[in-house]
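Undergrad: In UniProt numbering, the protein residues as written are 1 to 222.
(1) Taking only the alpha-carbon atoms, compute the straight-line gap between residue 217 and residue 207 and give it to the nearest angstrom.
(2) When you compare only the Cα positions, how much space is there between residue 55 and residue 163?
(3) Between which two residues does the beta strand (DSSP E) harbouring residue 92 extend?
(4) Using only the alpha-carbon positions, how far apart do residue 91 and residue 144 sit?
(5) Residues in the same chain with beta-carbon distance under 7 angstroms from residue 101, minus the five sequence neighbours each way, listed in chain order, please.
(6) Would residue 135 and residue 88 be called neighbours here (beta carbons separated by less than 8 angstroms)?
(7) Does residue 162 come out as helix, strand or coil in the three-state DSSP assignment?
(8) Could you give the first and the last residue of the continuous beta strand (DSSP E) run that contains residue 84?
(9) Is the segment 102 to 109 touching the segment 60 to 77, taking contact as three or more C-beta pairs under 8 angstroms?
(10) For residue 174 and residue 60, what's the separation of their Cα atoms in angstroms?
(11) Sort 184, 147, 205 by Cα distance to residue 98 and report the nearest one.
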């Protein structure tokens, strides 16, 4: 059998070898392989870009739901360390409901004049039982949603004015919410230990930490 140089088989059945400049040889050239690799990289980048956009859409939808479902009726911000009133079950930031209640209380009357900001129900049995209870379901939901939003906000190049950017780990909203959650947890924990035996010194100290005027209370014990 004779082999020719063009890679084809002639009429006598001889195998012919393709020349070096055939189309198959061109496909094996480095430039073609590089182009294939470039297309593969571009495809991966496009897929990553689409995934990033999907994550951003989910984060924005989560932020909208967070603000719609877990906004404090007192400060109109996302609830931090949510607590509910025992009587009616309405929830607020721990710091917000404490400030509201202590502003409407006194050394003489205690929490007799304090009520729920939502429905105005009195905080009954306050003399025996702390009238607030932690809303752990809301707390866990809020933390989970903020964690989802924060991860996406840290991974995208959002403008500083973007609502998502404010929930980055170093964002304004994240910082304010985090500090408020820590403060609320501290104040509620301390009050729970003191209740119902809150003496005048403790009472005044709490009001001062909450930024509430104590002049009228000091006048009563002067």
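All C-beta atoms in this analysis are idealised placements derived from N, C-alpha and C, irrespective of residue type, glycine included. Source: prediction; values computed, not measured.
TA: This is what the structure holds:
(1) Looking up residue 217 in the chain shown gives position 217. Looking up residue 207 in the chain shown gives position 207. When rounded, the distance between both Cα atoms is 10 angstroms.
(2) Looking up residue 55 in the chain shown gives position 55. Looking up residue 163 in the chain shown gives position 163. Their backbone Cα atoms lie some 15 angstroms apart in a straight line.
(3) On the chain shown, residue 92 is found 92 positions in, with the first residue counted as 1. Segment 91 to 93, the beta strand (DSSP E) holding residue 92.
(4) Locating residue 91 in the chain shown gives position 91, where the first residue counts as 1. Locating residue 144 in the chain shown gives position 144, where the first residue counts as 1. One C-alpha to the other measures close to 18 angstroms.
(5) Counting from 1 along the chain shown, the entry for residue 101 is found at position 101. Counting only Cβ-Cβ distances below 7 angstroms, and skipping sequence neighbours, we find 111, 114, 123.
(6) Stepping through the chain shown from its first residue, residue 135 is reached at position 135. Stepping through the chain shown from its first residue, residue 88 is reached at position 88. No. Outside cutoff.
(7) Reading the chain shown from its first residue, position 162 is the one you call residue 162. If DSSP states are grouped into helix, strand and coil, residue 162 belongs with coil.
(8) Stepping through the chain shown from its first residue, residue 84 is reached at position 84. Taken as a continuous stretch (DSSP letters only), the beta strand (DSSP E) holding residue 84 covers 82 to 85.
(9) no
(10) Residue numbering aside, residue 174 sits at position 174 when the chain shown is read from its first letter. Residue numbering aside, residue 60 sits at position 60 when the chain shown is read from its first letter. Roughly 15 angstroms separates the two Cα atoms.
(11) The count along the chain shown starts at 1 and reaches residue 98 at position 98. Of the candidates 184, 147, 205, the one whose C-alpha sits nearest the C-alpha of residue 98 is 184.
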